[in-house]
Every structure is written in structure tokens, then in C-alpha cells.
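Counting with this note's numbering, you get residues 135 to 295 for the letters of the sequence shown. Beta carbons are placed, not taken as given, at the ideal position from N, Cα and C, and that holds for glycine. See structure below.
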Amino acid sequence: MNRKHFKFLTTTVCMLCVGMAQAQTVVNATGGSASGPNGSASYSIGQVVYTTNASGSGSVAQGVQHAYEIFPVANSNVYNLTANVYPNPTADMLVLQLGNYTQGSYSYVLHDSQGKLVLSGSIQSQQTLIDTKLLPTAAYFLSIIDNKKEKIETFKIIKNQ
Numbered sequence: 135m136n137r138k139h140f141k142f143l144t145t146t147v148c149m150l151c152v153g154m155a156q157a158q159t160v161v162n163a164t165g166g167s168a169s170g171p172n173g174s175a176s177y178s179i180g181q182v183v184y185t186t187n188a189s190g191s192g193s194v195a196q197g198v199q200h201a202y203e204i205f206p207v208a209n210s211n212v213y214n215l216t217a218n219v220y221p222n223p224t225a226d227m228l229v230l231q232l233g234n235y236t237q238g239s240y241s242y243v244l245h246d247s248q249g250k251l252v253l254s255g256s257i258q259s260q261q262t263l264i265d266t267k268l269l270p271t272a273a274y275f276l277s278i279i280d281n282k283k284e285k286i287e288t289f290k291i292i293k294n295q
């Protein structure tokens, strides 16, 4: 095979490979983002087709946007303590932010979906970092606890890769 034929064959194979590559594309009618004092959201309008493929080990949903709702599971307003947990879902580090924090003895516990204790620690300041890097991908429950071992607030946390 001479050089000219080799170059033609290589170019043809590359073009065929590029032509067979596919990507998810959607043409939306409109979209944008909105933000306020309590957070932000982005949206898209006009997606015609939506497909979900599921198996025993998980699911994949075709789409432009997938929303996560972050909300406390339980709340007791006796303490006048505001709490926020972010980012959720998380991969490496979780931030527990207490709004009306006053020096006291608070702690946190992290349980898996079966109720098994996974992590625990004390809260010493308005912002506490919780390392989730070594946790497996799953849903967890993060609870803030007072010195009497009563739950003040509980959040559902999603751990991803």
C-alpha cells in the first residue's frame, strides 16, 4: 500500500468514526435562571421527548435539567436555630451552616437509609465541614442534636461520586 492509499484509508476511517459519534442534543423553546434570597433555579421549556432507562443498579434519565429538592425532614423550632446544608448532592465535602448559632453543645449524626450510624461529630462554630469523600454513593440523613440528645433538625443528603 502506498502512502496516498494509506492517507485516504486513514481519513475515511476517521470520518466514519466521527460520523458515528452521538451526543444528547435538545433544542428548547426557551429557558433561563431565576434567583432570590433563598436560592436559585434554572429552567428550560420545550423538550419534546423524555426517556428513562432503569435497571436493578440504578437509572439514567435523558433530559436537559434534573432538579434536586433540598428540604429539612424534621424541624423543631424550640431552639430558634436556622440550619442549611450544602452542596446537596455532594461528592467530597458537606457544609453545615447554622444561622442563629450561639455557643452551646450541638453535634451532628449521619445515618444511612437503614438507620446505621455512619458519621458523627461536634459542632463548634457557625460553619462545620463534614468529609463525605469515603462514603459510598447513597442517600443519608444528617441530624443536628442538642446536648440532651434530642434532634433539632434532620436533612436528607444525597452522596454521589
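| said: In this structure, how does DSSP classify Lys285 when only helix, strand and coil are distinguished? | reply: In the structure shown, Lys285 sits in a strand (DSSP, three-state: E or B).
| Nearest neighbour of Gln248, chosen from Asp280, Gln231, Ala272, Ile279 [CA to CA] | Checking every option, the nearest Cα to that of Gln248 belongs to Ala272.
| field | In DSSP terms, what His245 is bridged to | value | Per DSSP, Leu251, Phe275.
| said: For the beta strand (DSSP E) containing Leu228, name the first residue and the last one. | reply: Counting along the chain, the beta strand (DSSP E) containing Leu228 begins and ends at 227–232.
| query | With 16 other CB atoms within 10 Å as the buried threshold, where does Val147 fall? | reply | Taking every protein chain shown into account, the CB of Val147 has fewer than 16 other CB atoms within 10 angstroms, so this residue is exposed.
| said: Does Phe142 pass the burial test, meaning 16 or more other C-beta atoms within 10 Å, or should it be called exposed? | reply: Around the beta carbon of Phe142, fewer than 16 other beta carbons sit within 10 angstroms, so the residue counts as exposed.
| field | Tyr220: first and last residue of the uninterrupted beta strand (DSSP E) it sits in | value | Where Tyr220 is concerned, the enclosing beta strand (DSSP E) stretches over 217–220.
| Skipping 5 residues on each side, what residues in its chain have a beta carbon closer than 6 Å to that of Ser277? | So the qualifying residues of the chain are Val243, Lys285, Thr288.
| query | Quick one, are the C-beta atoms of Gln231 and Asn218 less than 8 Å apart? | reply | Going by beta carbons, Gln231 and Asn218 fall inside the 8 Å limit.
| task | Mind checking who Ser259 pairs with in its DSSP beta bridge? | result | For Ser259, which the question treats as bridged, DSSP gives no partner whatsoever.
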